[in-house]
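Numbering of the sequence shown is given in my numbering, commencing with residue 2 and proceeding in unit increments. We put the beta carbon where it would ideally sit given N, CA and C, even for glycine. First up is the structure itself, then whatever we jot down about it.
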Amino acid sequence: MLKIAIIDDQEIVRQGLKMVLSGEKDMEVVGEGESGWDALRLCEEHFLDVILMDIKMPDMDGVEATKRIKSSFPGIKIIILTTFDDDEFIFEALKYGASGYLLKDAPPTKIIDAIREAQKGGVHIQPRVAAKVVQRLNTFFPEKPEFPPEAQDLTRRELEIIRLIVEGKNNREIADKLFITEGTVKNHLTKILIKLNLRDRTQLAVFALKNKLV
């Protein structure tokens with residue numbers, strides 16, 4: 002049973018998410034709160050698996066909460082809830098280890114998929130969110146940076162997989178898109194992470210966006 006906490010300063014959002022998750026037999030909402038401090042408290046009170054957390058909250062926002070939680074409770078997966086106009090915070094949350102980025106109008110199936118993907122160690126980024134990250138990075142890197150040396154050995158297939166990961170696709174969706182097996186996707190991903198000396202999909206997405214591999 003996945004133990005989940007919902008952190009959002011709007012009660013209507015919390016209730017809506019609880020309703021979405023109530024239909025999943027392997028998921029249980031064990032706590033909720035309206036600030037980053039509540040998130041930290043719930044981490045201490047429960048053995049949480051996943052936190053669904055708003056990025057803009059009073060007292061302590063989702064970025065700072067993500068940083069503190071991942072420092073003290075690295076095993077907890079954090080999925081950020083965002084709106085279309087707060088992209089300036091997304092990259093920071095990604096840097097501190099968030100495992101997913103959902104717009105608050107995401108369909109219920111996407112929320113469920115993001116939770117399951119995060120629990121498996123993956124990262125779920127909605128295409129619209131990924132596009133906003135790319136747009137923001139372009140303001141910092143208007144010219145295409147020199148292709149990083151560690152990425153020189155990436156194959157065309159590996160670059161395709163990186164692009165799909167940045168778009169928020171999970172392994173199953175990548176396999177369907179490229180007409181390969183899910184196991185093959187996992188093998189490619191392992192090789193990519195080794196080549197780039199990265200830990201996980203989150204770091205890969207950051208690296209790809211920063212260095213404009215996609």
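Taking residue i as part of the beta strand (DSSP E), name the residues at either end of that continuous run.
i	result
Asp55	Val51 to Asp55
Along the chain, where does the alpha helix (DSSP H) containing residue i start, and where does it finish?
i	result
Ala176	Asn172 to Leu179
Met20	Glu12 to Ser23
Leu190	Glu183 to Leu197
Glu168	Counting along the chain, Glu168 falls outside any alpha helix (DSSP H), and DSSP gives it neither H nor E.
Val207	Arg202 to Lys211
Ala107	Looking at the DSSP string, Ala107 is not in any alpha helix (DSSP H), and its letter there is neither H nor E.
Ala152	Run containing Ala152: none; DSSP gives neither H nor E here.
Gly76	Per DSSP, Gly76 belongs to no alpha helix (DSSP H) and is neither H nor E.
Just how far apart, CA to CA, sit residue i and residue j?
i	j	result
Lys192	Val207	17 Å
Lys4	Asp50	5 Å
Gly24	Ser72	32 Å
Asn188	Asn171	14 Å
Ala209	Leu104	21 Å
Lys196	Phe92	23 Å
Lys26	Ala176	27 Å
Glu161	Gln127	17 Å
Glu1	Gln16	One cannot answer for residue 1 here, as it falls past the ends of the chain, which runs 2 to 215.
Ile80	Val64	11 Å
Glu174	Val186	10 Å
Bridge partners of residue i, per DSSP?
i	result
Val124	Looking at the DSSP assignment, Val124 forms no beta bridge with any residue, so it has no partner.
Ile8	Gly34 and Met54
Tyr102	Ile81 and Ile126
Glu29	Lys4
Any 3 or more C-beta pairs closer than 8 Å across the segment 25–38 and the segment 75–85: With a cut-off of 8 Å, the segment 75–85 and the segment 25–38 do not count as touching, because too few Cβ pairs lie within range.
Touch test, the segment 192–209 against the segment 89–105, Cβ-Cβ under 8 Å, three pairs minimum: Yes: the two stretches touch, three or more of their Cβ pairs being nearer than 8 Å.
Sufficient close CB pairs (3 or more, under 8 Å) joining the segment 118–127 to the segment 147–159: As far as the Cβ criterion goes, the segment 118–127 does not touch the segment 147–159, which means the pair count is below three.
Cβ pair count under 8 Å reaching 3, the segment 171–181 against the segment 105–113: Note that the segment 171–181 does not touch the segment 105–113; fewer than 3 beta-carbon pairs, one per stretch, sit closer than 8 Å.
Cβ contact (3+ pairs, closer than 8 Å) linking the segment 46–64 and the segment 3–22: At 8 Å Cβ cutoff, the stretches touch.
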